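Below: the structure, in structure tokens.
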Amino acid sequence: MTIRSLAIAAALVALTTTSGLAATVQLNVAGGQLLGARNVDVNGTFYDVEFVDGTCVALFNGCTSASDFDFSTRTLAAAAATSLMNTVFLDGPLGDFDSDHTLTAGIETNFFNRGWINIPYEFRPGLMRAGTIAFFNYGVLGGDDAVSTNSNTSIKVADDTSNIDYFVFARFTPSQITAVPLPAGGLLLLAGLAGLGLVQARSKTDEAR
Numbered sequence: 760m761t762i763r764s765l766a767i768a769a770a771l772v773a774l775t776t777t778s779g780l781a782a783t784v785q786l787n788v789a790g791g792q793l794l795g796a797r798n799v800d801v802n803g804t805f806y807d808v809e810f811v812d813g814t815c816v817a818l819f820n821g822c823t824s825a826s827d828f829d830f831s832t833r834t835l836a837a838a839a840a841t842s843l844m845n846t847v848f849l850d851g852p853l854g855d856f857d858s859d860h861t862l863t864a865g866i867e868t869n870f871f872n873r874g875w876i877n878i879p880y881e882f883r884p885g886l887m888r889a890g891t892i893a894f895f896n897y898g899v900l901g902g903d904d905a906v907s908t909n910s911n912t913s914i915k916v917a918d919d920t921s922n923i924d925y926f927v928f929a930r931f932t933p934s935q936i937t938a939v940p941l942p943a944g945g946l947l948l949l950a951g952l953a954g955l956g957l958v959q960a961r962s963k964t965d966e967a968r
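So the sequence shown is numbered by our numbering: it starts at 760 and just counts up by one.
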């Protein structure tokens, strides 16, 4: 491979590296409790998530329209729940968050070995409910973790999950992901290779004259 080719390859590596995203899921754990996570990938968009108790009205801007929620369709809410199941609720060095539901903030007891993570996506004005809820059942009795998208599932807008020991809301906000910086030594190397490539190209041009 010529020096010029090396310089071009190095430049491409630089572009790829500096435009890369730090998208590793980072768990937010305090006192052994899982409070949320950062950089959760939902269909290619990264979110920070927190598990919070309270009423739908207080947590979701009034809870009177699908636009109040983080995800406005059942499909998106189910994708968010699936991402939580696959990347957040796992047993690991920070805690057995899949095996022990009570390690998640807002989940105080095991209800038939279940912990319900609720993601609202629709409002039903006639019923005064926080629409149907795409909720993530982890540790379902007698089976594997699963995401339920039952359209009949809902919660009243005034219900306070603080009083429901096995229910908690998941609230999502867009992640602030930044580019991964290239080490200073790497930048100097790339600059040197690029310079050598230009010198070689100029020499060939002079020879051809």
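A virtual CB, placed ideally from N, CA and C, is assigned to each residue, including glycine. Quantities reported herein were computed from a predicted structural model and do not represent experimental measurements.
Q | Sequence-distant residues of the same chain with beta carbon closer than 7 Å to GLY851, five excluded per side | A | Locating residue 851 in the sequence shown gives position 92, where the first residue counts as 1. Setting aside the 5 residues that flank it on each side, GLY851 has no residue in the same chain whose C-beta is closer than 7 Å to its C-beta.
Quick check on this structure: which residue in SER913, VAL801, ALA838 and LEU793 has the alpha carbon closest to the alpha carbon of GLU809?
The count along the sequence shown starts at 1 and reaches residue 809 at position 50. Nearest C-alpha to GLU809: LEU793.
Problem - CB-CB length for VAL916 against VAL847, believed under 8 Å - result: Here residue 916 refers to the residue found at position 157 when the sequence shown is read from its first residue. Here residue 847 refers to the residue found at position 88 when the sequence shown is read from its first residue. No, VAL916 and VAL847 are not in contact; Cβ-Cβ is about 26 Å, not under 8 Å.
Assumed close pair MET844, ASP904 - CB separation to whole angstroms, cut-off 8 Å:
Translated into positions along the sequence shown, residue 844 becomes position 85. Translated into positions along the sequence shown, residue 904 becomes position 145. At roughly 5 Å, the Cβ-Cβ gap stays under 8 Å, so MET844 and ASP904 are in contact.
Q) Do PHE928 and PRO879 have their CB atoms nearer than 9 Å? A) Counting from 1 along the sequence shown, the entry for residue 928 is found at position 169. Counting from 1 along the sequence shown, the entry for residue 879 is found at position 120. Contact flag set, yes.
Check: Curious, which full-length beta strand (DSSP E) runs of at least 3 residues does the stretch 775-819 contain?
Finding: 785-789, 792-801 and 804-811
**OP:** Would you identify the three-state DSSP class for ASP827, choosing helix, strand or coil?
**Re:** As a working note, residue 827 is residue 68 in the sequence shown. Helix.
Identify, in the order they occur along the chain, each residue of the same chain with its Cβ nearer than 7 Å to the Cβ of SER842, setting aside the five sequence neighbours on each side.
Here residue 842 refers to the residue found at position 83 of the sequence shown. Cβ within range, chain order: VAL799, ASP800 and VAL801.
Practice prompt. Let me know the secondary structure DSSP gives VAL916 once reduced to three states.
Written response: Here residue 916 refers to the residue found at position 157 of the sequence shown. Coil.
| Same chain, Cβ closer than 6 Å to ALA838, five either side skipped, listed in chain order | Here residue 838 is taken as the residue at index 79 of the sequence shown, counted from 1. The residues are VAL801 and ASN802.
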